[in-house]
Amino acid sequence: MAYQKYFQGHKRFKNWFEIVNVKTAKVGPRLAWLLRHGARYHDLYVRPDGFVLVEEVLRINPFRRLNLADLKEIAKIDPLKRLQVKELRPRQWWIRAVAKHSIKFVYPTWKEIMNVSQVEGAIYFTDADGWQRIRLEGIRKDPDEHLVHLFQTIPEHFGYSRAESSTIIVIHIDVSQALRYGLTFFAKHDKTIATEGDADGCILPHLFQKVERLQWSKAVILDN
């Protein structure tokens, strides 16, 4: 075919045409679409960093005729490098598309936190009224959010931009204990952290390490 002759002469595609398996040749783009946009239509669980269980993907048409080795091959030879296949847990393989996702909470730039030494902390902010609920029920995701968003440290000049005196409650999460409890955390380069919480989307109170009340006042001493 003319298009094949053209691409064979293109360095970027040369190895793809030499190695490609007929069974997997047309699957790459479909697979990338599924992982970036279509997972929600198939009730696939997608991690915040975009990874989906390989065994779940292989239950969906037209991927049922493939196996793990096929997915590894697709990811390896794809000239656009759209896919990653990794063993994130022992004998548990996951796959993701590395391009931008339309699923709003998914960002391939999230990095899973495997050890408490990878972060400076995990902090959640609320007000006095919010704390009265949280101390009994734990921290829950907002109804329109998939993740609980946290900070690693108290941001510099926190509270300075507020218009008046105020009080804020700072909840420090015990990341080490939370990891043992089964929660997963993901961090970005801007030092924000996110977690899906437990099965109910919650960080329970027994995972709180420390709770502080921050207060500040602001008084104008000169206003021209």
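In my numbering, the protein residues as written are 2 to 225.
Think of the CB as a built atom: it goes at the ideal place given N, C-alpha and C, for glycine as much as any other residue.
| Query | Result |
| --- | --- |
| Output needed for Lys112: all residues of its chain with C-beta closer than 6 Å, excluding positions within five of it in sequence on either side, in chain order. | Ala188 |
| Got a sec? Which residues, its chain only, sit under 6 Å from Gln1 by beta carbon, not counting five neighbours each side? | The displayed coordinates of the chain run from 2 to 225. Any statement about residue 1 would go beyond what the structure contains. |
| Just grab the DSSP bridge partners of Phe209 for me. | Ile174 |
| Give me, in chain order, the residues of the same chain whose beta-carbon lies closer than 6 Å to that of Ala179; leave out the 5 immediate sequence neighbours on both sides. | Leu208 |
| Since I believe Ala98 is in contact with Leu36 (beta carbons under 8 Å), could you give me their beta-carbon distance rounded to a whole number of angstroms? | 4 Å |
| Are at least three pairs of beta-carbons, each pair with one atom in the stretch 141-159 and one in the stretch 185-199, less than 8 Å apart? | yes |
| Quick check on the burial criterion: 16 or more other C-beta atoms within 10 angstroms. Buried or exposed for Val107? | buried |
| Mind the definition here: the stretch 82-100 touches the stretch 49-63 only if three or more C-beta pairs lie below 8 Å; say whether that holds. | yes |
| Going along the chain, which unbroken runs of the alpha helix (DSSP H) with 4 or more residues stay wholly within the stretch 44-98? | 55-58 and 69-78 |
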